[in-house]
Every structure is written in structure tokens, then in C-alpha cells.
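Heads up, the thing below is written out as C-alpha cells.
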Amino acid sequence: MDIDLLNPDAKEERSKHKLKRMIQSPNSFFMDVKCPGCLQITTVFSHAQTVVLCGNCNVMLCQPTGGLARLTAPRLTRKAAPSGGKRIERDRTLRREGAGGQPAFILAADRHAKRAAVLVPGTQTPADCVTDLKALPLHIADPQGRAIGWVHRGMMRQACAIVRVVGSCLERFEKDGYEVQFIGHSLGAGVSAICGAVCRLGLEGVKLNKVRSLCYATPAVGNGSFGKFCEGHAITVINCEDVVPRLSIETARKLRDELVTRREAVRLFVSEDE
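For the sequence shown, full-length UniProt numbering gives the first residue as 1, with consecutive numbering after it.
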């Protein structure tokens, strides 16, 4: 794997993009927060990257600040995070947005059902559009050097960015008996499928043997051999004749060839119609 594609030079990116730096704190923890409206208790990550709402009445519980989240409701308890507080190396610092960098996502866990899920949305920002367009193929292999296949470069970079942030946390969840899933739609579905592969292969140092990916309207993320590998952990859902999962370079080539083949027939049809 070409490491430069996944970890571009930090100085070069800083000069091109004025981006917000998101650094994982070594002192992260979970908090039980009581909703002031319905009094329901919700577990919140201390360094949450998105606004957290009460699942019962949609009252805001905390706001992201780029560091320690600001609570808007009273905190009841504080517990150590499963991540163990591992700091991200400075030269691999992740940005919340940028040309193919870390996408928005939510990590949610249910202590009673023992399930943890990373939810990744579809294309929402101009940076996401840049990721969509970075369709150059990137070859990946397992740690032993065995070829796995070719994947979408932009989505691979986003997947690796997510795993570097939450991978150690998910590893702890799996060891504690949680069912771990990546869930996404459209662009997020492609990233989720690749996240599962990255974790199963241990490409970012985190090895998850039971992680699964649930993908809705998954776009083309790789070639046939990569698809075969993903059959072991990914489920994709396609709504009827949705065009997004059917768009790829290969289908575009087939359409071009079909149009060329039928060109004379179309000309004859038009001339007869006149």
C-alpha cells in the first residue's frame, strides 16, 4: 500500500487547507448525562465530535468544541473510555473536514444490548464531493503481503481516518463482548464497507475479527476480488432500481459500447420516424 495516499504530508495539507485539527485526548472518558426535559440518562463521550441529542425528546445534551465537549445538561457520573487514552501521533493528526480527510461520524453504544455502532452519513459537504471524485484505484494487501484487491482511493482514506480515531475503542468493545458494526448510507456505506475490511485486516494496527458492516445504497468501492473479501463481513441493501450502487467505470464502459453497437439501429429508427 502506498502510505503517501493515506497519510499525505501534514505541512503540504496545512498550506492548502485551513482546517480544524481534531486530536484525540489521552484523558477521554464517558459521562452519564441526565436530560433536563424528560430526565432520561444518556451516555456521552467526553470528546464527542457532533451534537448529542436526547433520544427521547431531542433536547441537546452536549456540543462539540474540537476538544472536551461542552455539556448543556447535568453530568451524573464519569467513567474511563475503552480507548485507554491512546494519543494520535502528531504527523498523523486528523482533520474534521478537508479534501478526503476524516468524515463526520457518530460512535454509539448500547450497554444493555452490548452493541456498538459507527454511523457514517452520505455526501453532505464539498469535501465529501471531492472524496467521491477521488476514484483512482488503490491496491491493498493483508499484513502478510497477500493481495486483497483494488479500492476507491478517496473512500479508503476516509475509512482509515475513522479507524485511526475510534479503532482502539472498538477493539476494547469487541473484547468486552460487544457486537461492533459500521453503518452507512451512499458515500458512508462505501466508507463503512472499507472500514470493516481495514479492521479485519488490521491495516491501521487495530484487529477486529467479528466486526460487520451494514451498508445502504453502497456505491462501487472496489474490484471483484475486494468484493469477495467483503462478503465475509458486509451486507449491502439496494432500493429497487437505485442508480448509485450501479454506477462504476465498468458500467460506464458497457453503456458506451452498447450505444456504439446500437448507433446504426438508432439512426435507422429516427429516419423511419421522420
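In this text, a Cβ means the ideal position worked out from N, Cα and C, and glycines have one as well.
V237, buried or exposed, once every other Cβ within 10 Å from all chains shown has been counted against 16: exposed
Buried versus exposed call for R200 [16 or more other C-beta atoms within 10 Å across all chains shown]: Looking at its Cβ environment, which holds 16 or more other Cβ atoms inside 10 Å, R200 is buried.
Distance, R164 Cα to V206 Cα: Cα to Cα, the separation comes out at about 8 Å.
F229 to L268 span [Cα, whole Å]: Spanning the two alpha carbons is a distance of roughly 46 Å.
Helix, strand or coil at L259 according to DSSP, with G and I counted as helix: helix
Segment limits, alpha helix (DSSP H) that includes E179: Careful: E179 lies outside any alpha helix (DSSP H), inside the beta strand (DSSP E) at 179-185.
Per DSSP, cross-strand counterpart(s) of Q63: R70
Given R115 as reference, the closest of Q181, L138, D142 once Cα atoms are compared: Q181
Identity of the residues DSSP links to I140 by a beta bridge: G149
Endpoints, the beta strand (DSSP E) within which F105 is located: Here F105 belongs to no beta strand (DSSP E), and DSSP marks it neither H nor E.
Environment of E258 [buried if 16+ CB atoms lie within 10 Å]: exposed
Closest Cα partner of E204 within the set L170, A104, A108: L170
Member of H233, K210, S248 whose CA lies at the smallest distance from the CA of N223: S248
Secondary structure of K207, DSSP reduced to three states: coil
Beta-carbon proximity of A159 to C195, cut-off 7 Å: yes
First through last residue of the alpha helix (DSSP H) which encompasses C230: 224-230
Nearest candidate by alpha-carbon position, reference E250, set D110, C240, G232, P219: P219
Spatially closest choice to T42 from V211, S225, M31, by CA coordinates: Ranking the options by Cα distance to T42, first place goes to M31.
CA nearest to the CA of A234, picked from K254, V260, R212, V244: When each option's Cα is compared against that of A234, the closest is R212.
Identity of the residues DSSP links to V118 by a beta bridge: L107, F182
Proximal residues to V244 (C-beta, below 7 Å), its chain only, five neighbours per side dropped: S186, A217, P219
Boundaries of the beta strand (DSSP E) in which T236 is found, first to last residue: For T236, the uninterrupted beta strand (DSSP E) segment begins and ends at 234-237.
Of the residues V151, G37, R253, the one placed nearest L138, counting alpha carbons only: Ranking V151, G37, R253 by Cα distance to L138 puts V151 first.
Secondary structure of T251, DSSP reduced to three states: helix
Of the listed residues Q124, E241, G188, nearest to V118 (C-alpha basis): G188
DSSP-derived helix/strand/coil call for I23: Any reading at I23 is ruled out, since the residue's pLDDT is 36, under 50, leaving its predicted position unreliable.
Rounded straight-line distance, which links the Cα of T72 to that of S168: 28 Å
Per-residue burial, C35 [other beta carbons within 10 Å of its own, 16 or more giving buried]: Residue environment analysis places C35 among the buried positions, since at least 16 neighbouring C-beta atoms fall within 10 angstroms of its C-beta.
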